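Below is one structure, written out as structure tokens, with a few remarks after it.
Numbering (the numbering used here), first residue to last: 147 to 237.
Structure (structure tokens):
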């Protein structure tokens with residue numbers, strides 16, 4: 147299984163390198179206020195892919211933290227109560 151995982155990683159890496167080698171033409175990305183950035187197409191594509199992934203992770207963080215709080219509250223609810231102090235003998 148480990149060999150298969152590394153084989154898939156190698157294939158993906160080779161495909162990404164080939165993609166990068168084919169897309170090195172400079173492109174201009176125009177923003178508001180006449181701001182423009184010129185960079186190779188592959189860098190622009192990878193940058194926006196990474197930004198999209200980061201936005202996706204940020205969108206999920208609220209849900210993940212809410213679920214963690216709920217899980218910890220449920221664990222506390224299921225935890226056994228501490229033992230009662232011993233009752234002193236009658237006098």
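Beta carbons are placed, not taken as given, at the ideal position from N, Cα and C, and that holds for glycine.
For clarity, every value in this text was computed on a predicted model and none was experimentally measured.
Under a three-way DSSP split, which group does residue i fall into?
i           : result
residue 182 : strand
residue 149 : helix
residue 173 : strand
residue 217 : helix
residue 233 : coil
residue 193 : helix
residue 199 : helix
residue 225 : coil
Is residue i near the ligand GDP, with its Cβ less than 7 Å from a heavy atom?
i           : result
residue 217 : With respect to the ligand GDP, the structure shown offers nothing to examine, as it has no ligands at all.
CB-CB under 8 Å to residue i, same chain, minus the five flanking residues each way: which ones, in chain order?
i           : result
residue 156 : none
residue 186 : 169, 170, 171, 172, 173
residue 230 : none
For residue i, which residues from the same chain have a beta carbon less than 6 Å from its beta carbon, with the 5 sequence-adjacent residues on both sides left out?
i           : result
residue 188 : 166, 169
residue 184 : 172, 174
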